[in-house]
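Engineer: According to the working numbering, the residues represented by the sequence shown are 55 to 207, in order.
Just so you know, even glycine gets a beta-carbon here, dropped at the ideal spot from N, CA and C.
Because the structure is a prediction, the values reported are computed rather than measured.
Before I ask anything, let me first share the structure, which is written out below as structure tokens.
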Amino acid sequence: MKRLHLALLLLPTPDLLADTRDDALKLPNVVISANRQVQARNDSSAANTVFTRDDIDRLQPTRLTDLLSHVPGVQIAPTGGRGSLPGIYIRGTKSAQSLVLVDGQRIANSTSGDSGLQYLNVDQIERVEVLRGSRSVIYGSDAIGGVIQVFTR
């Protein structure tokens with residue numbers, strides 16, 4: 055009886071051959087700009103997370119900070135009472151050490167480093183790229199913790 059079970063386990067299953075079809079679903083490459091050059095996501099050495107418009111529609115965040123809470127290594131914390139700006143901590147660095155760009159333009163307060171991400175309407179966002187880790191060689195001294203890039207429609 056045990057030999058019969060062993061023989062049945064050794065038989066190939068149709069599920070193993072299902073992925074070899076030529077008409078299988080091919081996913082498009084997500085293009086990111088971690089090095090300020092357009093490249094495929096897998097070719098980038100940066101630890102990155104990309105949210106496309108389809109991801110945003112699927113997750114349905116009410117604010118951009120809700121979307122960023124899904125990124126590993128990124129913490130969103132209130133910095134004061136009601137109506138205060140949220141603190142964005144990438145890999146433990148404070149908000150002033152994380153660069154936030156909207157369509158390539160820096161949007162942080164130069165004295166406090168607060169970005170005002172809560173004022174961006176999620177419906178106007180096409181793509182969000184989060185680059186974790188030091189990117190100061192490419193983006194300057196404000197990108198010690200990482201870079202959040204927002205691309206609008």
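1) Going by C-alpha distance, which of Ala101, Asp120 and Val184 is nearest Val176?
2) What residue from Tyr193, Leu155, Ala131 and Ile179 has the CA that sits closest to Thr116's CA?
3) Under the rule that 16 or more other beta-carbon atoms within 10 Å means buried, what is Pro132, buried or exposed?
4) Can you give the Cα-Cα distance for Ile130 and Leu153, rounded to whole angstroms?
5) Could you give the uninterrupted runs of the alpha helix (DSSP H) lying entirely in the segment 100-133, keeping only those of 4 residues or more?
6) Where does Leu113 land, buried or exposed, given buried means 16+ other C-beta within 10 angstroms?
7) Return the bridge partner residues of Glu183 from the DSSP annotation.
8) What's the gap between the Cα of Ser149 and the Cα of Arg107?
9) Return the bridge partner residues of Arg160 from the DSSP annotation.
10) How many Å lie between Gly141 and Asp111 at the Cα?
11) Near Leu174, what residues of its chain come up, given a Cβ to Cβ distance below 6 Å and the 5 sequence neighbours on each side ignored?
12) Please name the residue or residues paired with Tyr143 in a DSSP beta bridge.
13) At a cut-off of 6 Å, would you count Leu121 as near the ligand NAP, judging by its Cβ distance to the nearest heavy atom?
14) Could you give the distance in angstroms between the alpha-carbon of Leu139 and the alpha-carbon of Gln172?
15) By a C-beta neighbour count over all protein chains shown, 10 Å radius and 16 as the cutoff for buried, is Thr103 buried or exposed?
Structural biologist: Concretely, from the data shown:
1) Here residue 176 is taken as the residue at index 122 of the sequence shown, counted from 1. It is Asp120.
2) The residue given as residue 116 occupies position 62 in the sequence shown. Per the Cα distances, Ile179.
3) On the sequence shown, residue 132 is found 78 positions in, with the first residue counted as 1. Pro132 comes out exposed.
4) The sequence position of residue 130 within the sequence shown is 76, counting from 1. The sequence position of residue 153 within the sequence shown is 99, counting from 1. Ile130 and Leu153 have their C-alpha atoms spaced approximately 15 Å apart.
5) If we require 4 residues or more, the alpha helix (DSSP H) runs fully inside the segment 100-133 come out as 107-113 and 118-122.
6) Working through the sequence shown from its first residue, we reach residue 113 at position 59. Exposed: under 16 other Cβ atoms inside 10 Å.
7) Counting from 1 along the sequence shown, the entry for residue 183 is found at position 129. Paired residues: Val104 and Gln203.
8) Mapped onto the sequence shown, residue 149 falls at position 95. Mapped onto the sequence shown, residue 107 falls at position 53. Ser149 and Arg107 have their C-alpha atoms spaced approximately 25 Å apart.
9) In the sequence shown, counting from the first residue as 1, residue 160 sits at position 106. By DSSP's assignment, Arg160 forms a beta bridge with Leu155.
10) The residue given as residue 141 occupies position 87 in the sequence shown. The residue given as residue 111 occupies position 57 in the sequence shown. In this structure, the CA atom of Gly141 is about 25 Å from the CA atom of Asp111.
11) Along the sequence shown, read from residue 1 onward, the residue named residue 174 stands at position 120. These residues qualify, in order along the chain: Leu118.
12) Position 89 of the sequence shown holds residue 143. Looking at the DSSP assignment, Tyr143 forms a beta bridge with Gln129.
13) You won't find the ligand NAP in this model; it holds no ligand whatsoever.
14) Walking along the sequence shown from the start, residue 139 turns up at place 85. Walking along the sequence shown from the start, residue 172 turns up at place 118. Going by the C-alpha atoms only, they are around 8 Å apart.
15) Walking along the sequence shown from the start, residue 103 turns up at place 49. Thr103 comes out buried.
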